[in-house]
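Colleague: Residue numbers (my numbering): 71 to 294. Note that the Cβ used here is the ideal one computed from N, Cα and C, for glycine as well. All values derive from a computational prediction rather than experimental measurement. The structure that follows is given in the form of structure tokens.
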């Protein structure tokens with residue numbers, strides 16, 4: 071009899087554990103945990119997407135800037151190697167320089183190259199444009215213009231002659247349409263620009279001991 075009572079008690083306890091309120095509560099907790107995981111994923115998904123898109127975009131942006139830097143330097147190197155260049159030679163230099171931009175679209179690139187000089191003596195000497203030429207969709211600097219681009223102190227000497235190369239390139243985000251679809255923001259009108267002074271490699275001496283380049287439509291820099 072005692073053994074039967076013990077068995078009945080054990081069976082009743084087992085049934086309570088399987089079908090009692092605690093079992094349903096555990097199931098509800100399990101369901102709540104699944105819902106919480108879905109909510110957490112929904113909250114973190116935009117952050118993950120922005121991080122992923124941002125990583126791709128920053129990498130593409132840096133690559134574009136490197137190509138623009140190389141392009142600007144290539145233009146300066148070509149222009150600084152001809153003492154007196156014709157318009158046809160300048161156009162050929164601009165076209166040849168665009169090779170370094172590939173495979174990016176180079177149709178929107180603008181170029182302005184100016185032959186500049188420090189007239190007079192430092193510190194009273196001023197930087198002036200002596201001749202300037204521009205590519206398509208750009209405007210050359212007027213002769214006598216004072217560039218706002220700062221010249222490094224170690225190059226600012228009386229009679230210095232050099233080139234000022236200015237380039238601009240539109241940037242088209244590779245994830246622009248995705249960003250617009252997700253966040254409703256349009257990424258456009260982004261333009262990268264570079265302005266550098268470049269030394270003259272091959273030039274003639276006119277009113278200074280420094281060789282200079284004369285671009286189409288201009289003349290040598292005056293002494294002062």
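#1: What's the gap between the Cα of residue 197 and the Cα of residue 265?
#2: Would you mind sorting residue 209 into buried or exposed? The rule is 16 or more other CB atoms within 10 Å of its CB.
#3: Using the beta-carbon count (16 or more within 10 Å), is residue 166 buried or exposed?
#4: Measuring alpha carbon to alpha carbon, tell me which residue in 133, 119, 187 is nearest residue 216.
#5: Would residue 285 and residue 213 qualify as a contact pair, given that the criterion is a beta-carbon distance under 8 Å?
#6: Just to confirm, are residue 150 and residue 270 a CB contact at a threshold of 8 Å?
#7: Applying the 10 Å Cβ sphere with the 16-neighbour rule, what's the burial state of residue 157?
#8: Return helix, strand or coil for residue 146, following the three-state DSSP convention.
#9: For residue 287 versus residue 201, is the C-beta distance shorter than 8 Å?
#10: Once DSSP output is grouped into helix, strand and coil, what is the label at residue 179?
#11: Mark residue 124 as exposed unless 16 or more other C-beta atoms lie within 10 angstroms of its C-beta, in which case mark it buried.
#12: Considering just the uninterrupted stretch of the alpha helix (DSSP H) at residue 165, what are its terminal residues?
Modeller: Let me spell this out:
#1: Taking the first residue of the chain shown as 1, we reach residue 197 at position 127. Taking the first residue of the chain shown as 1, we reach residue 265 at position 195. Going by the C-alpha atoms only, they are around 15 Å apart.
#2: As a working note, residue 209 is residue 139 in the chain shown. By the 10 Å Cβ count, residue 209 comes out exposed.
#3: Taking the first residue of the chain shown as 1, we reach residue 166 at position 96. With fewer than 16 other Cβ atoms within 10 Å, it is exposed.
#4: For the purposes of this step, residue 216 is identified with residue 146 of the chain shown, where counting begins at 1. Out of 133, 119, 187, 187 has the C-alpha closest to the C-alpha of residue 216.
#5: By one-based count along the chain shown, residue 285 stands at place 215. By one-based count along the chain shown, residue 213 stands at place 143. No. Outside cutoff.
#6: In the chain shown, the residue the question calls residue 150 occupies position 80. In the chain shown, the residue the question calls residue 270 occupies position 200. Yes. Within cutoff.
#7: As a working note, residue 157 is residue 87 in the chain shown. Classification for residue 157: exposed.
#8: Here residue 146 corresponds to residue number 76 of the chain shown, with the count starting at 1. Of the three classes helix, strand and coil, the one that applies to residue 146 here is helix, per DSSP.
#9: For the purposes of this step, residue 287 is identified with residue 217 of the chain shown, where counting begins at 1. For the purposes of this step, residue 201 is identified with residue 131 of the chain shown, where counting begins at 1. For residue 287 and residue 201, yes; Cβs fall inside 8 Å.
#10: Residue numbering aside, residue 179 sits at position 109 when the chain shown is read from its first letter. Correct three-state label for residue 179: coil.
#11: Mapped onto the chain shown, residue 124 falls at position 54. When all chains shown are included, residue 124 counts as exposed.
#12: Counting from 1 along the chain shown, the entry for residue 165 is found at position 95. 157–167 is the extent of the alpha helix (DSSP H) around residue 165.
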